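Only one structure is covered here, and it is reproduced in the block below.
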Amino acid sequence: MSMKLFTLLTLAVWLFTATSTLSQSNNDYVLDTNGDPLESDEEYFIRPAITDNGGRFTLINRNQSCPLYVGLENTDLPQGYPVRFTPFANDHDDDEVRLNRDLKVEFVEVSSTCVQSTEWKLGENDTSVGRRVIITGRDDGTRSAGNYFRIDETQNARIYNIRWCPTEVCPTCRFICGTGGILRENGKILFVLDGSALPVEFQKKDD
10 MSMKLFTLLT
20 LAVWLFTATS
30 TLSQSNNDYV
40 LDTNGDPLES
50 DEEYFIRPAI
60 TDNGGRFTLI
70 NRNQSCPLYV
80 GLENTDLPQG
90 YPVRFTPFAN
100 DHDDDEVRLN
110 RDLKVEFVEV
120 SSTCVQSTEW
130 KLGENDTSVG
140 RRVIITGRDD
150 GTRSAGNYFR
160 IDETQNARIY
170 NIRWCPTEVC
180 PTCRFICGTG
190 GILRENGKIL
200 FVLDGSALPV
210 EFQKKDD
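Note that the working numbering has the sequence shown beginning at 10, numbered continuously upward.
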């Protein structure tokens, strides 16, 4: 076998392996704490994998005004609001939520004085804290990209990171992507981008 042919074959095998790995990563299911795939028509609590980081995800009234912010309870007691996931892609052949795919996250069963959507939305960069905050409301911009997040796997089973990087929504856009973490402020815990990542897990509401 000539060196040129060997090189071409090696390259072909590498490309096949890389493509297969990427395809598999993009099609794997996100699992809840029971090991079952997340379903778009079910409700889940999001909670930190390390309880010292706070309790379940909830709505935070940061400035005594609307919109409300996405944050965490200060306690690990069973409080907080459940969420529902809505995948962006319409080519899914089932209701399961997949890794590394754009989706909307929306708080449900919310009691609030703010008359607005409870969908998660990327807020502006808060220069006072040096982080991009996550608020609630509908994004009226290009393809509503601010409302789409994604769930990435970590090295630990059933533990994930939540990111903002809506490349399915707008493949040609150049986003400054970021992974969600926490910011403690005045006794409150906000969910923000551009800091240390917060590993999370998903608990089905009725469990």
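Beta carbons: idealized from backbone N, C-alpha and C, even for Gly.
Computed from a prediction, not measured in an experiment: that's the story for all the values here.
Selected residue, minimal CA-CA separation from residue i, among the options
{"i": "Arg110", "options": "Tyr157, Thr122, Thr42", "result": "Tyr157"}
{"i": "Asn72", "options": "Cys123, Val92, Gly189", "result": "Cys123"}
{"i": "Ser7", "options": "Trp129, Asn70, Gln164, Phe184", "result": "Given that the chain is displayed from residue 10 to residue 216, the structure contains no residue 7 and the question cannot be resolved."}
{"i": "Thr127", "options": "Tyr90, Leu108, Asp215", "result": "Tyr90"}
{"i": "Glu162", "options": "Arg107, Thr67, Asn43, Thr181", "result": "Arg107"}
{"i": "Glu133", "options": "Phe66, Trp173, Asp41", "result": "Trp173"}
Assigned secondary structure, residue i (DSSP; H/G/I helix, E/B strand, else coil)
{"i": "Thr42", "result": "coil"}
{"i": "Asn134", "result": "strand"}
{"i": "Arg183", "result": "coil"}
{"i": "Asp161", "result": "strand"}
{"i": "Arg167", "result": "coil"}
{"i": "Gly189", "result": "strand"}
{"i": "Arg152", "result": "helix"}
{"i": "Thr176", "result": "coil"}
{"i": "Thr84", "result": "coil"}
Cβ pair residue i, residue j closer than 7 angstroms
{"i": "Phe94", "j": "Ser49", "result": "yes"}
{"i": "Gly150", "j": "Leu131", "result": "no"}
{"i": "Pro46", "j": "Glu82", "result": "no"}
{"i": "Arg152", "j": "Cys179", "result": "yes"}
{"i": "Val92", "j": "Tyr53", "result": "yes"}
Cβ neighbours of residue i in the same chain (closer than 8 angstroms, five flanking residues each side left out)
{"i": "Gly204", "result": "Arg140, Gly190, Ile191, Leu192"}
{"i": "Ala98", "result": "Arg110, Asp111, Glu177"}
7 angstroms Cβ shell around residue i - same chain, five flanking residues per side excluded
{"i": "Ile171", "result": "Phe158, Ile160, Gly189, Val209"}
{"i": "Gly64", "result": "Arg56, Leu81, Glu82, Asn83, Thr84, Asp85, Leu86, Gln88, Gly89"}
Worksheet item: Contact between the segment 112-126 and the segment 140-147: three or more CB pairs below 8 angstroms?
Response: yes
Discussion item. Check whether the segment 68-84 and the segment 193-212 touch, using three or more Cβ-Cβ pairs below 8 angstroms as the test.
Written reply: Yes, the segment 68-84 touches the segment 193-212.
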